[in-house]
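Trainee: In the working numbering, the protein residues as written are 44 to 672.
Built from N, CA and C at the ideal position, the CB exists for glycine as well.
The model shown is predicted, which means the values in this text are computed figures rather than measured ones.
Let me begin by handing over the structure; questions about it come next.
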């Protein structure tokens, strides 16, 4: 009996211990997967993960035996990955490349635009270095890269770059050095966010326009370089160099080779974009000067806002604008911006930008009908209906009857006015019959994108965009500061693969009540630059690494669009029968296979692979264009 009691007590104690460990693990995962920070259960969670490696490996093999594709992660592996990312937010940056640096000296290396290098020399992912700049570009395209200064020696001052003209292989044509630009990369301190991140500290992002810079001892300084290839540039290979100078002494000469393709990217985007800019926040960073009267100050603020709009368009980010078509000044501004590349804009001063400020009174709402009818007529007269949309509603509740009433009013006023709504989810006509009938453009958040529901809306003739906002822990890309450098570039590729016609972002200048050069914590949530892509610098905007990489993605999208158009021309002319292998290569590239993107939550962060795929697109485009000539 005594042995039996001991056995029972031992069994109960063991079960209790197992229960505590299991319960603690579940609680730890639930708590930390939602990004609430580290706590007292961290050590328990780590022990469980370490002890569970063998079991996870066995479970993965069992899952694979049940018919799971080898390329997919099993459920338990995904859970483990999520726990590791969300629970243990330690420094996960790449540092092995630092071992080969010369001691007590300056080392200069070439790296891609999507690599992020920190002041201690670490990078966000394992970088690829190059001994020279080998670039490829279409006409009317920007190509960027970085020169990284790893300084293990004494402080360096008066450092600058000097570019030469690029000479065509025919020795008669040149690409002027004035098409090169460069900026010193600055750093912004981040806070510990609620979402997984590889590092908390100083992150590279702002691009300072400067004629020279300094590099302190034991510090790394990236320099962001960009080449613009004008529309009239003859195709072919160009060669030149960039010289690193310190105190006007030549330190290193880096060869530059540029292959210019024989096609030109359009000025306007085929992927629609809507990036909101809040003019009322501008004055917080640009206060009135001493002795400046109100009229002069207001004029200066308008000029600063205009500079932001123009810079946004140069990065293929269409500002929302909220145009009043009855206002001649607004229409002239649209014409000016369209010449720069504007391809879409919002109409009216009601809706998402203005906190869904539609009149609640039914009669007041109906009174807007004549106003919007006039808007539609003026836009039609100016041939602007294809570019316009009404940012009708931002987030809230799907099925809201007030949204339905606003859409009905606008539909009856002028049906060709395109009504756009943003929601965390996707409208299900079976759950809310008829609710979204009058809505033209649905913009679900990327984290709640439901392909089955979206495809149903497409069959109903609805246009689908998507948007990102607050960073998530679910693996979807984001434009916040502390995400991978390739995230902004992959978004347009995702839009292409999943037939998404547009991309929306809630704000590019949210520096409300804060100094964006002192902290990346620009919202009341634990986020790092959610809604801040451009910096307020002196008398105008400053670009960021993130917008540079987003523009690269938008340009990639134009490669895909051009190849699709050429494929259709080839098939119409019967060329596909003469060269079936080439047409098959084109179709394969246009599908954007799983090596690049599996889903909105699973995609590559290999910039070299993405650039190679873009170059593959270019080669097929040139072959097809040669046949059409």
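For the stretch 274-346, list the alpha helix (DSSP H) runs that are entirely contained and at least 4 residues long, ordered along the chain.
Mentor: Taking only runs of at least 4 residues, the alpha helix (DSSP H) segments lying wholly in the stretch 274-346 are 322-328.
Trainee: So what does DSSP say about residue 165, is it helix, strand or coil?
Mentor: Here residue 165 refers to the residue found at position 122 when the chain shown is read from its first residue. Here residue 165 sits in coil by DSSP.
Trainee: Is it buried or exposed for residue 653, if we count other Cβ within 10 angstroms and need 16 for buried?
Mentor: Against the chain shown, residue 653 aligns to sequence position 610. With 16 or more Cβ atoms within 10 Å of its Cβ, residue 653 is classed as buried.
Trainee: Below 8 Å, how does it come out for the stretch 155-167 and the stretch 243-254: are there three or more Cβ pairs, yes or no?
Mentor: Judged by Cβ distances under 8 Å, the stretch 155-167 makes contact with the stretch 243-254, as three or more pairs qualify.
Trainee: Taking residue 568 as the reference, which of 598, 593 and 523 has the closest Cα?
Mentor: To locate residue 568, count along the chain shown from 1; it is residue 525. Residue 568 has its Cα closest to that of 523, out of 598, 593 and 523.
Trainee: For the beta strand (DSSP E) that contains residue 177, what are its first and last residues?
Mentor: To locate residue 177, count along the chain shown from 1; it is residue 134. It spans 176-182 - the beta strand (DSSP E) in which residue 177 sits, taken as one unbroken run.
Trainee: Any beta carbon of chain C sitting closer than 9 Å to that of residue 292?
Mentor: The structure shown has no chain C; it contains just one protein chain.
Trainee: Taking 8 Å as the cut-off, is the CB of residue 311 close to at least one heavy atom of the ligand FAD?
Mentor: Questions concerning the ligand FAD fall outside what the structure shown contains, since it holds no ligand whatsoever.
Trainee: Just to confirm the assignment: which complete beta strand (DSSP E) runs, minimum length 3, are found wholly within the stretch 342-392?
Mentor: DSSP runs (the beta strand (DSSP E)) wholly in the stretch 342-392: none.
Trainee: Please identify the residue among 612, 600, 615 and 553 whose C-alpha is closest to the C-alpha of residue 635.
Mentor: One-based indexing of the chain shown puts residue 635 at position 592. Nearest of 612, 600, 615 and 553 to residue 635, Cα basis: 600.
Trainee: Please give me, in chain order, every unbroken run of the beta strand (DSSP E) with length at least 3 that falls completely inside the stretch 137-164.
Mentor: Listed in chain order, they are 149-155.
Trainee: Under the three-state reduction of DSSP, which class applies to residue 421: helix, strand or coil?
Mentor: Position 378 of the chain shown, counted from the start, is the residue given in the question as residue 421. Residue 421: helix per DSSP, three-state reduction.
Trainee: How would you call residue 418, buried or exposed, if buried means at least 16 neighbouring beta carbons within 10 angstroms?
Mentor: Here the question's residue 418 lines up with position 375 in the chain shown. It is buried - the Cβ of residue 418 has at least 16 other Cβ atoms within 10 Å.
Trainee: To the nearest angstrom, how far is the alpha carbon of residue 633 from that of residue 542?
Mentor: Taking the chain shown and counting its residues from 1, one reaches residue 633 at position 590. Taking the chain shown and counting its residues from 1, one reaches residue 542 at position 499. Answer to the nearest angstrom: the Cα atoms are 11 Å apart.
Trainee: Starting from residue 396 and walking both ways along the alpha helix (DSSP H), at which residues does that stretch end?
Mentor: Counting from 1 along the chain shown, the entry for residue 396 is found at position 353. Run containing residue 396: none; DSSP gives neither H nor E here.
Trainee: Residue 571 to residue 622, Cα distance in whole Å?
Mentor: On the chain shown, residue 571 is found 528 positions in, with the first residue counted as 1. On the chain shown, residue 622 is found 579 positions in, with the first residue counted as 1. Approximately 51 Å between the Cα atoms of the pair.
Trainee: In chain order, what residues of the same chain lie with their CB nearer than 8 Å to the CB of residue 519, ignoring the 5 residues before and after it?
Mentor: Start at 1 with the first residue of the chain shown, and residue 519 comes out as number 476. These residues qualify, in order along the chain: 489, 490, 511, 643 and 644.
Trainee: Residue 172: buried (16+ other C-beta within 10 angstroms of its C-beta) or exposed?
Mentor: Walking along the chain shown from the start, residue 172 turns up at place 129. Per the 10 Å Cβ criterion, exposed.
Trainee: Is there contact between the stretch 255-266 and the stretch 215-234, where contact requires at least three CB pairs shorter than 8 Å?
Mentor: Yes, since at least three Cβ pairs between the stretch 255-266 and the stretch 215-234 fall closer than 8 Å, the two stretches touch.
Trainee: Going by DSSP, what residue range makes up the beta strand (DSSP E) through residue 640?
Mentor: Numbered from 1 along the chain shown, position 597 holds the residue referred to as residue 640. Run containing residue 640: 640-642, per the beta strand (DSSP E) assignment.
Trainee: Could you give the C-beta distance for residue 593 and residue 584, rounded to a whole number, given that I count them as a contact under 8 Å?
Mentor: As a first step, residue 593 must be located in the chain shown, where it is residue number 550. As a first step, residue 584 must be located in the chain shown, where it is residue number 541. Not quite, the Cβ-Cβ distance comes to about 15 Å (not below 8 Å), so this is no contact.
Trainee: Report yes if the C-beta distance between residue 156 and residue 661 is below 9 Å; otherwise report no.
Mentor: Taking the first residue of the chain shown as 1, we reach residue 156 at position 113. Taking the first residue of the chain shown as 1, we reach residue 661 at position 618. Not closer than 9 Å, so no.
Trainee: Is residue 538 buried or exposed, if buried means 16 or more other CB atoms sit within 10 Å of its CB?
Mentor: Walking along the chain shown from the start, residue 538 turns up at place 495. Counting Cβ neighbours within 10 Å, residue 538 comes out buried, since at least 16 surround it.
Trainee: Please determine, among 297, 217, 258 and 324, the residue with the shortest C-alpha to C-alpha distance to residue 273.
Mentor: Numbered from its first residue, the chain shown carries residue 273 at position 230. The candidate whose alpha carbon is nearest that of residue 273 is 217.
Trainee: Here's the rule I'm using: 16 or more other beta-carbon atoms within 10 Å means buried, otherwise exposed. How should residue 139 be labelled?
Mentor: One-based indexing of the chain shown puts residue 139 at position 96. By the 10 Å Cβ count, residue 139 comes out exposed.
Trainee: Please list the terminal residues of the continuous beta strand (DSSP E) segment that includes residue 583.
Mentor: Counting from 1 along the chain shown, the entry for residue 583 is found at position 540. That run of the beta strand (DSSP E) goes 583-585.
Trainee: Pick from 624, 595 and 553: whose alpha carbon is nearest that of residue 187?
Mentor: Walking along the chain shown from the start, residue 187 turns up at place 144. Closest by alpha carbon: 595.
Trainee: Give every residue of the same chain whose Cβ lies closer than 6 Å to the Cβ of residue 35, excluding the five residues on either side of it in the sequence, and list them in chain order.
Mentor: In this structure the chain extends from 44 to 672, so residue 35 is not present and cannot be described.
Trainee: Is it buried or exposed, residue 611, if we count other Cβ atoms within 10 angstroms and call 16 or more buried?
Mentor: In the chain shown, residue 611 corresponds to position 568, counting from 1. So residue 611 ends up on the exposed side.
Trainee: Count Cβ pairs between the stretch 444-464 and the stretch 409-424 that sit closer than 8 Å; are there 3 or more?
Mentor: The stretch 444-464, when compared against the stretch 409-424, does touch it at the 8 Å Cβ threshold.
Trainee: Taking only the alpha-carbon atoms, compute the straight-line gap between residue 427 and residue 312 and give it to the nearest angstrom.
Mentor: The residue given as residue 427 occupies position 384 in the chain shown. The residue given as residue 312 occupies position 269 in the chain shown. Answer to the nearest angstrom: the Cα atoms are 15 Å apart.
Trainee: Return the residue from the list 387, 476 and 525 that minimises the CA-CA distance to residue 503.
Mentor: To locate residue 503, count along the chain shown from 1; it is residue 460. Cα-wise, what sits closest to residue 503 is 476.
Trainee: Residues in the same chain with beta-carbon distance under 6 Å from residue 149, minus the five sequence neighbours each way, listed in chain order, please.
Mentor: The residue given as residue 149 occupies position 106 in the chain shown. 194 and 196.
Trainee: Which residue wins for smallest C-alpha separation from residue 591, given the options 296, 280 and 360?
Mentor: Position 548 of the chain shown holds residue 591. The option with the nearest alpha carbon to residue 591 is 360.
Trainee: Please classify residue 437 as buried or exposed, where buried requires at least 16 neighbouring CB atoms within 10 angstroms.
Mentor: Here residue 437 refers to the residue found at position 394 of the chain shown. So residue 437 counts as buried.
Trainee: Considering residue 552, what are the terminal residues of the beta strand (DSSP E) in which it resides?
Mentor: As a position in the chain shown, residue 552 is number 509, starting the count at 1. Element bounds for residue 552: n/a, residue is neither H nor E.
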